[in-house]
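K.L.:
Residue numbers (our numbering): 4 to 158.
Got a structure for you, questions after.
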């Protein structure tokens with residue numbers, strides 16, 4: 004059980020290592036927790052988000068991002084996640100909480116909860132965590148700001 008808890012916390016640590024961190028404490032009532040990490044590659048809605056450079060994902064933008072394209076992308080992701088039936092899902096490259104709600108509302112295998120904060124990424128790209136509250140109990144959340152190293156520090 005210790006290794007399973009360590010793996011889950013490792014997933015959470017990796018999930019939030021690039022942007023403002025969320026320290027999440029969870030408990031489970033299940034022996035095995037199925038976890039998945041999925042880079043959904045620019046899951047954007049079609050609306051411009053204030054103070055974000057997301058214009059490429061609008062109907063008049065570079066990708067001509069329409070409601071039809073958005074819902075097809077959602078459908079493809081939902082198909083995969085419904086087949087996996089994971090208890091915890093880490094997601095990369097989501098635009099905002101609205102797209103997460105749209106995604107969760109289409110899932111059929113469980114009623115997942117969302118953990119999400121808006122990042123400082125100017126493009127509007129965030130990370131998120133979905134979890135099954137029937138399997139996991141979220142006991143607390145806190146935001147931990149991690150500063151990116153300067154170019155000189157990274158060398």
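For every residue, glycine included, the Cβ atom is placed at its ideal position computed from N, Cα and C.
I need the straight-line Cα distance from residue 52 to residue 91, nearest angstrom please.
P.N.:
Cα to Cα, residue 52 sits roughly 27 Å from residue 91.
K.L.:
Excluding the 5 residues flanking residue 131 on each side, which residues of the same chain have their C-beta closer than 6 Å to its C-beta?
P.N.:
94, 97, 103, 119, listed in sequence order.
K.L.:
Roughly how far, in whole angstroms, is the beta-carbon of residue 80 from the beta-carbon of residue 100, given that I think they are within contact range, below 8 Å?
P.N.:
Their Cβ separation, rounded to whole angstroms, is 16 Å, which puts residue 80 and residue 100 out of contact at 8 Å.
K.L.:
Considering residue 86, what are the terminal residues of the alpha helix (DSSP H) in which it resides?
P.N.:
Per DSSP, residue 86 belongs to the alpha helix (DSSP H) from 70-87.
K.L.:
Ignore the nearest five residues each way along the sequence and tell me which others in residue 26's own chain have a CB closer than 6 Å to its CB.
P.N.:
Reliability of the predicted coordinates at residue 26 is poor, the pLDDT of 42 falling under 50, and the value obtained from them is presented with this limitation in mind. Here the set comprises 145, 147.
K.L.:
Strictly by DSSP, which residues pair up with residue 132?
P.N.:
For residue 132, which the question treats as bridged, DSSP gives the partners 93, 118.
K.L.:
What first and last residue would you give for the beta strand (DSSP E) that runs through residue 106?
P.N.:
First-last for residue 106: 100-109, but that is the alpha helix (DSSP H), not the beta strand (DSSP E).
K.L.:
To which residues does DSSP link residue 39 through a beta bridge?
P.N.:
Its beta-bridge partners are 92.
K.L.:
Nearest-angstrom Cα distance between residue 113 and residue 125?
P.N.:
The straight-line gap from Cα to Cα measures roughly 32 Å.
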